[in-house]
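Reading through the structure tokens given below for one structure.
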Amino acid sequence: MISIAIGLSVVLLFVILFLLFRIGTLASIFRGSTERAVGTTKTSNRVNGTLMILFLVLGGAGFIWSFIAYWDEMNPPLASVHGEWTDSLFWTTMIIIGVVFVITQILLFWYSYQYQHKDDKRAYYYPHNNKLEIIWTMIPAVVMALLVFGGWKTWTNITSASPEESIVVEVMGKQFNWMVRYPGADGELGVAKTPLITAVNEFGIDFSDPNAQDDFMPREIHVPKGKPVLLKIRARDVIHSVYMPHFRLKMDAVPGMPTKFWFVPTKTTYEMRNETGNPEFNYELACAEVCGRGHFAMRFVVVVDEPEEYEAWLAEQVSFAEQNPDVVAGFSKKAPAQLVAESAAADKAEVKTEL
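Heads up: the sequence shown begins at 3 in this note's numbering, then just goes up one per residue.
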């Protein structure tokens, strides 16, 4: 916050100085003092040119300082295989664009100072140069094409089909929390239907499906180190976004349009705590899409275990069906169509109550 306040103060100072000089020039013109106006214009040009150089130096220094000061925040430690591809692509792009940006800005502000208006100078008329235009068109075109190709190749690798042995985890976002579901011993998630959603059965699981009987819903996401993990992502109400910065993982959760993302974690939570020197460190699943006033609360703890620790944790989990036998019993007594109708009727009653 302090750095933002300092930056805004510097910008405001430059704006005030610029406006003061402009006001002085306009006042002279309105008073009819042509001679004074010309002198004021020369002074204004000189002052503005000097301010351009000061802005370049101070802005560049501020940029370098902020880059160094917030390096750790911008670059959380990497903990996934594909994250290396993402970081490599990102920094290659940043270096190329950054070098061009710095050169362009230095020339822009220097030219504003060097070529300010002077009575004894005239601009050189340079109408056309085919060779120069071909050069400055082809070089950016080739560089951008290479960057696009590199991005396409990286994205293709990241979004390729997940391995068959992947750990499957379903993640569903709703205002304003995440819900997580794992398949049980059968390795298959049960069918879930939006009309079956209730206050207890928040996923809308159809327990007439045998695969749903052993599904469980933990309060934390646990995944094993070194093994592929497939996230099946969906949303229940508005657009959310699954974001795990240390895994360089981000994928939107869109209502009615399931998405997915797979990754291989490379560092356990314990290893990351040692690396960061923070005994309280936890991986986190956050929402990266502003989804309402409770958006800030959409956080979920992610734990990366050693494979044997993950298996031990998995063995301790109790299925949703065991924890909520009444819900399952309701499915065994009623046909799915009847359950859907009752759920719809309950939703309408709830809406009328709210109105």
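Glycine included, C-beta positions come from ideal geometry on N, C-alpha and C. Since we're looking at a predicted model, the values are computed, not measured.
Going by DSSP, what residues sit across from residue i in a beta bridge?
i	result
residue 207	194
residue 180	175
residue 54	Partner(s): none; residue 54 has no beta bridge.
residue 244	253, 289
residue 95	According to DSSP, which records beta bridges pairwise, residue 95 is partnered with nothing at all.
residue 231	169, 265
residue 237	175, 257
residue 224	305
residue 218	184
residue 82	267
Give the C-beta separation of residue i and residue j to the nearest angstrom, bearing in mind that I take them to be a contact with Cβ-Cβ under 8 Å.
i	j	result
residue 145	residue 225	No, residue 145 and residue 225 are not in contact; Cβ-Cβ is about 38 Å, not under 8 Å.
residue 173	residue 235	5 Å
residue 217	residue 186	6 Å
residue 232	residue 262	6 Å
residue 150	residue 329	Not quite, the Cβ-Cβ distance comes to about 50 Å (not below 8 Å), so this is no contact.
residue 230	residue 164	6 Å
residue 81	residue 274	6 Å
residue 227	residue 310	The pair is not a contact, with the Cβ atoms about 10 Å apart (cut-off 8 Å).
Taking only the alpha-carbon atoms, compute the straight-line gap between residue i and residue j and give it to the nearest angstrom.
i	j	result
residue 270	residue 258	34 Å
residue 112	residue 245	42 Å
residue 105	residue 143	18 Å
residue 291	residue 260	16 Å
residue 36	residue 127	Note that residue 36 has pLDDT 48, beneath the 50 cutoff, so the model's placement of it is unreliable and the number below is only indicative. The alpha-carbon atoms of residue 36 and residue 127 are separated by roughly 29 Å.
residue 92	residue 325	45 Å
residue 256	residue 331	31 Å
residue 162	residue 254	17 Å
residue 160	residue 182	22 Å
residue 317	residue 304	18 Å
residue 89	residue 68	20 Å
residue 101	residue 169	42 Å
residue 96	residue 52	30 Å
residue 132	residue 125	21 Å
residue 248	residue 84	11 Å
residue 312	residue 153	34 Å
residue 369	residue 158	Only positions 3 to 357 of the chain appear in the structure, and residue 369 is not among them; the question remains open.
residue 73	residue 166	37 Å
residue 171	residue 219	10 Å
residue 315	residue 141	55 Å
residue 79	residue 200	40 Å
residue 276	residue 268	14 Å
residue 63	residue 57	10 Å
residue 323	residue 211	12 Å
residue 289	residue 223	15 Å
residue 280	residue 265	24 Å
residue 221	residue 50	60 Å
residue 250	residue 18	42 Å
residue 71	residue 198	50 Å
residue 238	residue 134	55 Å
Please list the segments of the beta strand (DSSP E) lying wholly inside the stretch 269-320, counting only runs of 3 or more residues, in order along the chain.
Within the stretch 269-320, the complete beta strand (DSSP E) runs of at least 3 residues are 285-289, 301-307.
Entirely within the stretch 97-177 and at least 4 residues each: give me those alpha helix (DSSP H) ranges in chain order.
Segments of the alpha helix (DSSP H) lying fully in the stretch 97-177: 132-160.
Three or more C-beta pairs closer than 8 Å, one from the stretch 116-135 and one from the stretch 279-295: is that the case here?
No: fewer than three Cβ pairs fall under 8 Å.
Taking one C-beta from the stretch 292-300 and one from the stretch 171-183 each time, how about it: are there three or more such pairs within less than 8 Å?
In short, these stretches touch, since the Cβ pair count reaches three.
Do the stretch 206-226 and the stretch 179-195 touch if we need at least three Cβ pairs shorter than 8 Å?
The stretch 206-226, when compared against the stretch 179-195, does touch it at the 8 Å Cβ threshold.
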